[in-house]
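Reading the sequence shown from the start, the letters are residues 80 to 549 in the numbering used here. Virtual Cβ for every residue (Gly too), placed ideally from N, Cα, C.
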Amino acid sequence: MTKIFLAIGIISSVLFAFACVQKGGEGAGGTTATGGGDTIKVGVYGDMTGQTASFGQSTRNGIQLAVDEINNAGGIDGKKIVLVVEDDQGQPNQATTVMQKMINQDKVQAVLGEVASTNSLAAAPVAQSAKIPMITPSSTNPKVTEVGDYISRVCFIDPFQGSAMAKFAAKSLNAKTAAILGDVNSDYSKGLTQFFEEEFTKQGGRVVTKEAYTQNDPDFKAQLTKIRNLNPDVIYVPGYYSQVGIIARQARELGMNQPLMGGDGWDSPDLFKLGGGALKNAYISNHYSAENPAPEIQNFVKNYKAKFNVVPDSLAALAYDSAKVLADAIKRAGGAGDSVKLKDAINATKDFAGVTGTITLDASRNAVKPAVILEVDPAKPGFTFKETIYPEGMSAPTATTTMTDANSNSMMNGNSMSNSGSMMNTNSMGSNSMNTSSMNSNSMTNGGSNMNSNMMMNSSGSNSMNGNMK
Ligand code: PHE
């Protein structure tokens, strides 16, 4: 009996594959895409190997999970997504090469990637000139989407992330002075250095020195010694985990016990292997927290863990969202065959409920979303949610409900937040009183830190507002 089913299975797979080949010409009308057929070909590129390989691997895994969900539910209007995954080893020139290959040889109809802004910047012009939409899940440097209208992202950008951390340093850590230690070859690091300094200065703080390193430096003690002599209140290290772990260890070895601060680039399970206990008293800005109790997020965390045996980092979450946003746009565009239509549909993405928050692309094709501040906890090892910082114009509306009311309260309600920050209570449950004052009304499981709206995105594309505003 089993054998018969197996045989039927094999035969139908063969027939299906044959059908794909036969229908290869479908999907005409696209500017350049010729993939067509019964499948939709999507390219994925990133560093599957190299110094920051967890970036590429988490990204691939997040996309894989999303695509499996989409395909298992029947695909997009009956068409399954097929991924073409390329390893660029984290090298900008390789990123360009694999982008050319995916477009010219594999004939992908859209591309997801890269992670590191420098690599996205290297490859994006190829996609732009071929008119193949590229969505970067996680490159945050503003220049990436400036390449052109075929390039978009589902994450916030670094002026926001850098200033979020500067505000946190000044307001929550009471820092008056800061030193910055950044990677001079990374667009990401250079951008954050600038944006952090601008906001920290605005907050009345002073950056006492800006020190530089490069990805291949094995030792950071010269720069750290200089910083130690200036004794700043905090040290901002806008780099990638591969260097940050070592920097943290060397700083502590030199007797520097100040808070270390960074951005999303610290986010990797491998950070803890490199930095260990030296990562105590450190904070990062990031895109999401895996601790968010919202059911959609916990569901994602559970499914990801079941498949890959690790808690999804923000890269995995953003990658998952990027694939879902792309699928949503393909559906709205009536297929992936017409790249002009597909790009327009992507760029029109509005109120898309992702696991990293509600995704609306602005006129520059950047997602406008809150950032979370997380505390690094080497004992976990992992990150503990501290607070949410909202972009200008997006206030954090509050509710009087508490997290302990989670079953009956607004976590899943329909309160929506408009970009102008005004609140519309569309909650049919009517159980929450919403206002825009800064009140810290939520009790949290982790010792009283405040919960917030970003932690409670619901699946209907609106945010339930249940939080505080700092
Ligand atoms: N934002 C980083 C960059 O642009 C990439 C990154 C995103 C790394 C999220 C880790 C987590 O280079």
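Got a sec, what are the start and stop residues for the alpha helix (DSSP H) residue i sits in?
{"i": "residue 142", "result": "132 to 151"}
{"i": "residue 252", "result": "Careful: residue 252 lies outside any alpha helix (DSSP H) and carries neither H nor E."}
{"i": "residue 550", "result": "No information on residue 550 is available, as it lies outside the stretch 80 to 549 that the chain covers here."}
{"i": "residue 210", "result": "Taken as a continuous stretch (DSSP letters only), residue 210 belongs to no alpha helix (DSSP H), as it is neither H nor E."}
So which of the options has the shortest CA-CA distance to residue i?
{"i": "residue 168", "options": "450, 320, 128", "result": "128"}
{"i": "residue 432", "options": "415, 457, 396", "result": "396"}
{"i": "residue 219", "options": "406, 344, 259, 468", "result": "344"}
{"i": "residue 390", "options": "430, 346, 305", "result": "346"}
{"i": "residue 148", "options": "301, 305, 378, 257", "result": "378"}
{"i": "residue 161", "options": "474, 143, 175", "result": "143"}
{"i": "residue 415", "options": "296, 241, 190", "result": "190"}
{"i": "residue 223", "options": "246, 198, 239, 245", "result": "198"}
{"i": "residue 398", "options": "413, 366, 410", "result": "366"}
{"i": "residue 452", "options": "299, 370, 247", "result": "247"}
{"i": "residue 261", "options": "166, 340, 362, 202", "result": "340"}
{"i": "residue 455", "options": "293, 255, 355, 126", "result": "355"}
{"i": "residue 348", "options": "209, 444, 471, 135", "result": "135"}
{"i": "residue 350", "options": "459, 153, 423", "result": "459"}
{"i": "residue 214", "options": "358, 124, 338, 118", "result": "124"}
{"i": "residue 233", "options": "358, 301, 444", "result": "444"}
{"i": "residue 392", "options": "466, 276, 217", "result": "217"}
{"i": "residue 141", "options": "471, 212, 401", "result": "401"}
{"i": "residue 188", "options": "119, 332, 284", "result": "119"}
Look up residue i in the DSSP assignment and say whether it is helix, strand or coil.
{"i": "residue 278", "result": "helix"}
{"i": "residue 261", "result": "strand"}
{"i": "residue 379", "result": "helix"}
{"i": "residue 215", "result": "strand"}
{"i": "residue 456", "result": "strand"}
{"i": "residue 182", "result": "helix"}
{"i": "residue 518", "result": "Interpretation of residue 518 is limited by its pLDDT of 29, a score under 50 that renders its predicted location unreliable; no figure is taken from the coordinates."}
{"i": "residue 271", "result": "helix"}
{"i": "residue 371", "result": "coil"}
{"i": "residue 418", "result": "helix"}
{"i": "residue 483", "result": "Reliability of the predicted coordinates at residue 483 is poor, the pLDDT of 33 falling under 50, and no value is obtained from them."}
{"i": "residue 408", "result": "helix"}
{"i": "residue 195", "result": "coil"}
{"i": "residue 385", "result": "helix"}
{"i": "residue 475", "result": "coil"}
{"i": "residue 451", "result": "strand"}
{"i": "residue 323", "result": "helix"}
{"i": "residue 394", "result": "helix"}
Measuring only from the beta carbon, is residue i closer than 7 Å to any heavy atom that is part of the ligand ATP?
{"i": "residue 393", "result": "Among the ligands modelled here, namely the ligand PHE, the ligand ATP does not occur."}
Let me check one thing: in DSSP terms, what residues is residue i bridge-paired to?
{"i": "residue 431", "result": "438"}
{"i": "residue 159", "result": "118"}
{"i": "residue 244", "result": "Note: residue 244 sits in no beta bridge, so no partner."}
{"i": "residue 165", "result": "124"}
{"i": "residue 314", "result": "258, 339"}
{"i": "residue 232", "result": "215"}
{"i": "residue 189", "result": "121"}
{"i": "residue 446", "result": "440"}
Please indicate yes or no: does the CB of residue i lie closer than 7 Å to some heavy atom of the ligand PHE?
{"i": "residue 194", "result": "yes"}
{"i": "residue 367", "result": "no"}
{"i": "residue 267", "result": "yes"}
{"i": "residue 343", "result": "yes"}
{"i": "residue 349", "result": "no"}
{"i": "residue 219", "result": "yes"}
{"i": "residue 400", "result": "no"}
{"i": "residue 346", "result": "yes"}
{"i": "residue 134", "result": "yes"}
How far does the beta strand (DSSP E) with residue i in it reach, from first residue to last?
{"i": "residue 289", "result": "285 to 292"}
{"i": "residue 465", "result": "461 to 468"}
{"i": "residue 349", "result": "Looking at the DSSP string, residue 349 is not in any beta strand (DSSP E); the run it does join, the alpha helix (DSSP H), is 349 to 354."}
{"i": "residue 362", "result": "361 to 365"}
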